[in-house]
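First to last, the sequence lines map onto chains Z and X. For the first sequence, the working numbering begins at 145 and goes up steadily by one. For the second sequence, the working numbering begins at 27 and goes up steadily by one. Glycine is no exception: its CB is placed at the ideal position from the N, C-alpha and C atoms. Only a predicted model underlies this, so the values are computations on that prediction, with no experimental measurement involved. Notes follow once the structure below has been shown.
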Amino acid sequence: MNIDDREILKLIREEHSGERGFILLVKKYQQRLYWHIRRLLVDHNDADDVLQNTFIKVWQGLPQFRGESQLYTWLYRIATNEALSFMKKAQRNRSIPYEDGGAELCALSDNAPSISGDEISRKLQKAILMLPAKQRLVFNMKYFDEMKYAEISEVLGTSIGALKASYHLAVKKIEKQLLVD
Amino acid sequence: MSTTNNIQNDENKSDGKLKDLFGKEMPYQVPDGYFEDLPKQVLESCRQSRQQQGRRLYLQKGFLRIVAAAAVLIMAALVITMVFTQRQPETESSVEYSMKEIYLYNINNLADLEETYLLSLIDDDSTYMTDILGGGTPDISDEIIMEYLLAENHIEYHIINEY
């Protein structure tokens with residue numbers, strides 16, 4: 145899907161093509177946002193709920209979107225906030241302690257039917273899930289989504305220096321964890 | 027320039043070993059056809075949320091109307107209460123006369139007073155009421171009372187002479 149973001153926004157803003165434009169936006173970004181959320185929440189159903197809520201928020205917020213930031217980073221910001229608030233809610237309900245519950249998330253990743261993959265990628269995921277939520281977020285965005293520090297900074301509202309430190313720490317922890325295994 | 031270069035260099039360093047060893051493959055699976063169906067599902071959810079939002083707005087407007095009506099009623103009740111509470115003291119003050127008012131009324135309306143009361147006033151110390159009611163209060167003089175009593179034939183002239 146190579147359609148330009150400006151073209152999508154133009155379609156969305158015109159009354160007769162608004163829904164068509166929105167469908168194009170969903171098609172363009174659904175996979176990236178889904179994986180971004182899924183890496184944080186592990187479970188497919190949770191990721192699906194959060195992704196749908198993300199797109200509803202996007203739909204509601206599009207009239208206010210002024211294009212001051214890139215559409216891509218704006219979508220990531222909404223998805224991240226939705227995922228984080230889901231994690232907080234889940235933590236309050238004690239169903240999954242997302243924030244520091246690497247072990248529980250690892251157990252979930254071992255047992256969930258929608259999780260397979262080879263041993264190596266599972267090991268890596270387990271090591272990532274042992275990270276604190278913020279470090280996990282930064283690591284995922286940098287490692288898997290290959291986002292620039294400037295873009296991550298725009299999404300998370302954290303300084304580039306802090307992001308570099310966070311990523312460096314995350315990599316060290318993962319390497320250590322993988323060496324132990 | 028060097029800062030930009032540093033950032034560029036930093037972008038790719040530190041995870042090189044990890045990428046070589048582990049790659050970026052995800053162990054997670056997605057149900058078949060999930061991404062094909064998602065845009066339609068999302069659009070449906072958005073439409074529903076818009077309807078719900080519309081309903082919520084409608085309910086909010088209804089609620090606001092009720093609140094506005096209640097506010098008007100409360101204001102009306104307050105105004106009525108204020109009017110009554112302001113008028114009540116006026117009614118009471120018209121009933122409750124001060125001693126001074128009664129005295130001044132008596133001076134000007136001797137016909138309303140009983141003969142014995144008027145005679146007792148003649149016996150009174152003439153400065154009594156002025157002392158009680160303060161300066162500036164006109165004193166009811168014996169002459170005024172006697173003239174009145176004579177004019178109205180309440181007493182005989184010889185009785186006055188005895189005083």
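Give the single residue among the options whose Cα lies nearest to the Cα of residue i.
i: X/Q55; options: Z/D192, Z/A277, Z/R157; result: Z/D192
i: Z/T224; options: Z/L168, Z/K154, Z/L281; result: Z/L281
i: Z/D190; options: Z/F166, Z/L228, Z/E163; result: Z/L228
i: Z/L185; options: Z/I318, Z/G305, Z/Q235, Z/M291; result: Z/Q235
i: Z/F199; options: Z/E226, Z/R182, Z/H188; result: Z/E226
i: Z/L330; options: Z/R183, Z/I147, Z/N146; result: Because chain Z in this structure spans residues 145 to 325, residue 330 of chain Z falls outside the shown range and cannot be described.
i: Z/D149; options: Z/K172, Z/G301, Z/V324; result: Z/K172
i: Z/A314; options: Z/R266, Z/K286, Z/H160, Z/K232; result: Z/K286
Going by the beta-carbon positions, is the gap between residue i and residue j smaller than 9 Å?
i: Z/V202; j: X/L69; result: no
i: X/F48; j: Z/L322; result: yes
i: Z/E295; j: Z/Q174; result: no
i: Z/L307; j: Z/Y293; result: yes
i: Z/F288; j: Z/Y311; result: no
i: Z/S178; j: X/F61; result: The sequence as given places Tyr at residue 178 of chain Z; Ser does not occur at that position. Yes. Within cutoff.
i: X/L145; j: X/I171; result: yes
i: X/L44; j: Z/E319; result: yes
i: X/L64; j: Z/L168; result: no
i: X/L175; j: X/E140; result: no
i: X/S75; j: Z/Q204; result: yes
i: Z/G332; j: Z/R157; result: There is no way to answer for residue 332 of chain Z, as the model of chain Z reaches only from 145 to 325.
i: X/P53; j: Z/H188; result: no
i: X/E51; j: Z/I264; result: yes
i: Z/K317; j: Z/A277; result: no
Give me the chain Z residues within the contact set of residue i, using Cβ-Cβ distance strictly less than 8 Å, ordered along the chain.
i: X/Q77; result: Per Cβ cutoff of 8 Å: no residues; X/Q77 is ~12 Å from chain Z at best.
i: X/Q67; result: Q196
i: X/K50; result: Y287, F288
On the three-state DSSP scale, how would you describe residue i?
i: X/Y174; result: helix
i: X/Y84; result: helix
i: X/Y54; result: strand
i: Z/G211; result: coil
i: Z/G162; result: helix
i: Z/N225; result: helix
i: Z/L185; result: helix
i: X/G49; result: coil
i: X/I33; result: Because X/I33 carries a pLDDT of 49, less than 50, the predicted location of this residue cannot be relied on, and the following value inherits that uncertainty. It is helical.
i: X/E140; result: coil
i: Z/G305; result: helix
i: Z/D232; result: For the record, residue 232 of chain Z in the displayed sequence is Lys; it is not Asp. Here Z/K232 sits in helix by DSSP.
i: Z/K292; result: coil
i: Z/G205; result: helix
i: Z/L275; result: coil
i: X/S167; result: coil
i: X/Y123; result: coil
i: X/S28; result: Model confidence at X/S28 stands at a pLDDT of 47, short of 50, so the residue's coordinates are unreliable and nothing is read from them.
i: Z/N284; result: helix
i: Z/N237; result: coil
i: Z/D148; result: coil
i: X/N132; result: helix
Run down chain X in chain order and give the residues with a C-beta less than 7 Å from the C-beta of residue i.
i: Z/R280; result: Going along chain X, no residue has its Cβ under 7 Å from Z/R280, so there is no contact; the nearest lies around 14 Å.
i: Z/N203; result: Checking the displayed sequence, the identity of residue 203 of chain Z turns out to be Trp instead of Asn. In chain order: C72.
i: Z/R266; result: P53
Whose Cβ in chain X lies nearer than 9 Å to the Cβ of residue i?
i: Z/L212; result: Rather than Leu, the amino acid found at residue 212 of chain Z in this sequence is Glu. Neighbours of Z/E212 on chain X: none; closest Cβ ~22 Å, over 9 Å.
i: Z/H188; result: Y54, Q55, V56, P57, Y60
Along chain Z, in chain order, which residues have C-beta atoms closer than 9 Å to that of residue i?
i: X/L44; result: L268, Y287, V315, I318, E319, L322
Which residues in chain Z have a C-beta closer than 7 Å to the C-beta of residue i? List them in chain order.
i: X/L99; result: The contacting residues do not exist; X/L99 stays about 36 Å from chain Z at best.
Can you confirm whether the region 130-142 of chain X touches the region 90-104 of chain X when touching is taken to mean that 3 or more C-beta pairs between the two stretches lie within less than 8 Å?
no
Spell out a yes or no on whether the region 152-161 of chain Z and the region 203-217 of chain Z are touching, meaning 3 or more CB-CB pairs, one atom from each, closer than 8 Å.
yes
Give a yes or no on contact between the region 216-234 of chain Z and the region 86-101 of chain X, applying the rule of three or more CB pairs nearer than 8 Å.
no
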